[in-house]
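Enquirer: Residue numbers (the UniProt record's numbering): 1 to 150.
Sending over a structure as structure tokens; questions will come in a sec.
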């Protein structure tokens, strides 16, 4: 007898469902700020280290360069970041937070905190540690598989 995958009860379905709903929730919360759910991660990366190149942002966030360019253009149009030519490499740009970009940080952190609390609601401290560890392992596994290392 062949084993049939139950598409109604598999890990990928739950990861996808959780991700889509999390992004939808965050998009709704960030809408008044004119920040899309796909853009906030760039701001957080710049909060960690302002003045990164577009390539560094792409590498850090594990996204392709075209996605980074689109997100940065939207953030720039909204007044959250500015692009400046790289002094060492005039062909590339460095991305810097504006005053507005720095000022919105507490609101963004509150939204992300709220989402984390919702996701982990009803879990014990041990379960929270375990789910994070398991999700990290799952992410590592699929990244390695995509790179051909598994």
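Glycine included, each C-beta is placed from N, C-alpha and C at the ideal position.
From a predicted model like this one, the values you see are computed outputs, not experimental measurements.
Would you please state the rounded distance, in angstroms, between the beta carbons of residue 118 and residue 54? I believe it to be under 8 Å.
Expert: Counted from its first residue, the chain shown places residue 118 at position 118. Counted from its first residue, the chain shown places residue 54 at position 54. Actually they do not touch by this definition, with Cβ atoms about 32 Å apart.
Enquirer: How big is the Cα-Cα spacing for residue 30 and residue 9?
Expert: Taking the chain shown and counting its residues from 1, the one referred to as residue 30 is at position 30. Taking the chain shown and counting its residues from 1, the one referred to as residue 9 is at position 9. Residue 30 and residue 9: Cα-Cα distance of roughly 31 Å.
Enquirer: Under DSSP, the beta strand (DSSP E) around residue 121 begins and ends at which residues?
Expert: In the chain shown, counting from the first residue as 1, residue 121 sits at position 121. Careful: residue 121 lies outside any beta strand (DSSP E) and carries neither H nor E.
Enquirer: Kindly list the residues whose CB is nearer than 8 Å to the CB of residue 101, restricted to its own chain and excluding five residues on each side of it in sequence; keep chain order.
Expert: In the chain shown, residue 101 corresponds to position 101, counting from 1. Contacts found: 43, 46, 75, 79, 80, 81.
Enquirer: Along the chain, which unbroken stretches of the beta strand (DSSP E) at least 3 residues long are found entirely within the region 16 to 96?
Expert: The qualifying runs are 81 to 85.
Enquirer: If we count the other Cβ atoms within 10 Å of its Cβ and call it buried at 16 or more, is residue 104 buried or exposed?
Expert: Position 104 of the chain shown, counted from the first residue, corresponds to residue 104. By the 10 Å Cβ count, residue 104 comes out buried.
Enquirer: Given a threshold of 16 other Cβ atoms within 10 Å of its Cβ, counted over all protein chains shown, does residue 130 qualify as buried or as exposed?
Expert: Locating residue 130 in the chain shown gives position 130, counting from the first residue. When all chains shown are included, residue 130 counts as exposed.
Enquirer: Can you tell me whether DSSP reads residue 147 as helix, strand or coil?
Expert: Here residue 147 corresponds to residue number 147 of the chain shown, with the count starting at 1. It is coil, neither helix nor strand.
Enquirer: Given a threshold of 16 other Cβ atoms within 10 Å of its Cβ, counted over all protein chains shown, does residue 26 qualify as buried or as exposed?
Expert: Position 26 of the chain shown holds residue 26. That one is buried.
Enquirer: For residue 127 and residue 121, what's the separation of their Cα atoms in angstroms?
Expert: Start at 1 with the first residue of the chain shown, and residue 127 comes out as number 127. Start at 1 with the first residue of the chain shown, and residue 121 comes out as number 121. For residue 127 and residue 121, the distance between alpha carbons rounds to 10 Å.
Enquirer: On the criterion of 16 or more Cβ atoms from any shown chain inside 10 Å, does residue 62 qualify as buried, or is it exposed?
Expert: On the chain shown, position 62 is the one that residue 62 refers to. By the neighbour-count rule (16 or more Cβ atoms within 10 Å), residue 62 is not buried but exposed.
Enquirer: Can the beta-carbon of residue 50 be found closer than 8 Å to that of residue 97?
Expert: Here residue 50 is taken as the residue at index 50 of the chain shown, counted from 1. Here residue 97 is taken as the residue at index 97 of the chain shown, counted from 1. Yes, they are a contact pair.
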